[in-house]
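Undergrad: Residues in the sequence shown are numbered consecutively from 102, following the working numbering.
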Amino acid sequence: MMKFTSILGSKLLKIAKIMIALSCLLLIFFISSGIDRSTAFADQYDKEILAGADFSNKTLQGSQFNKTDLHNALFVKSDLKGVSLFGANMTGANFTDADLRYSTLDTARMNEANLTNALFEGAFVYGASFDGAIIEGADFTDVDFRENVRQKLCKVASGKNPVTGRLTLETLECDL
102 MMKFTSILGS KLLKIAKIMI ALSCLLLIFF ISSGIDRSTA FADQYDKEIL AGADFSNKTL
162 QGSQFNKTDL HNALFVKSDL KGVSLFGANM TGANFTDADL RYSTLDTARM NEANLTNALF
222 EGAFVYGASF DGAIIEGADF TDVDFRENVR QKLCKVASGK NPVTGRLTLE TLECDL
């Protein structure tokens, strides 16, 4: 019985070593392979200086950019659902075709930003500034603005969002 137990134990040890080696090989393969690097996982970028950074075509759901300097940053076709951009400086940033649904942009500066065809549905933007922003085709459904901000945006609103089919003027609840 003792020989059987030691033979069984040595075979199990060999199997365990093989499994560890295979796991290491798989890990090396996944790290070095062409895994889609367009996905960036939810991260914290709070209070960083990321001026001019390129986040285009990235999935950044749930990430935090609170009080971050993002002026002239690129977020073209990025998935920013649920992102917190509280107090961020996004002056001149490009959000063309970006998805910002249910994001927090309170007190953010989006002055002169390109928001063409961006989705803001359900976003929290109270206190944000949009002076000089391009909002053609942007969808602001269920977004609460300060009245003076809404009025400024209504003056420059145009277009229809290609994803939702909604008119920018209607999503801003402008007097037509």
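Note that CB positions come from ideal geometry on N, CA and C, so glycine has one too.
Can you find the residues in the same chain that come closer than 6 Å, C-beta to C-beta, to residue 141, ignoring five residues on each side of it along the sequence?
TA: Per-residue confidence for residue 141 stands at a pLDDT of 48, beneath the threshold of 50, marking its modelled position as unreliable; the derived number appears in the next sentence. Closer than 6 Å at Cβ, skipping near neighbours: 159, 161.
Undergrad: To the nearest whole angstrom, what separates the beta carbons of residue 164 and residue 146, a pair I think is in contact under 8 Å?
TA: Their Cβ separation, rounded to whole angstroms, is 7 Å, which keeps residue 164 and residue 146 in contact under 8 Å.
Undergrad: With DSSP run on the structure shown, which of helix, strand or coil describes residue 220?
TA: In this structure, residue 220 counts as strand in the three-state DSSP scheme.
Undergrad: Report yes if the CB atom of residue 188 is closer than 8 Å to the CB atom of residue 173, and no otherwise.
TA: No, these two residues do not count as a Cβ contact at 8 Å.
Undergrad: Ends of the alpha helix (DSSP H) at residue 270?
TA: Element bounds for residue 270: 269-272.
Undergrad: Where residue 134 and residue 166 are concerned, what is the direct C-alpha to C-alpha distance, given to the nearest angstrom?
TA: Low per-residue confidence applies at residue 134: pLDDT is 45, beneath 50, and the placement is therefore not dependable, though the value from the model is reported in the following sentence. Cα to Cα, the separation comes out at about 29 Å.
Undergrad: Assign residue 210 to one of three DSSP states: helix, strand, or coil.
TA: Three-state DSSP puts residue 210 in a strand.
Undergrad: Compare the C-alpha of residue 257 against each of 204, 227, 151, 271 and name the closest.
TA: Among 204, 227, 151, 271, the Cα nearest to that of residue 257 belongs to 271.
Undergrad: Around the C-beta of residue 128, are 16 or more other C-beta atoms found within 10 angstroms, so that it is buried, or is it exposed?
TA: At residue 128 the pLDDT is 49, less than 50, meaning the model places this residue with poor confidence; the figure from the coordinates comes in the next sentence. Looking at its Cβ environment, which holds fewer than 16 other Cβ atoms inside 10 Å, residue 128 is exposed.
Undergrad: Using CA coordinates, which residue listed in 273, 176, 191 is at the minimum distance from residue 238?
TA: Per the Cα distances, 273.
Undergrad: Applying the criterion that 16 or more other CB atoms from any shown protein chain within 10 Å of the CB defines a buried residue, is residue 222 buried or exposed?
TA: Buried, by the Cβ-count rule.
Undergrad: My guess is that residue 269 and residue 236 are in contact by the Cβ rule of under 8 Å, so how many angstroms apart are they, rounded?
TA: Contact flag correct, Cβ pair sits at about 6 Å.
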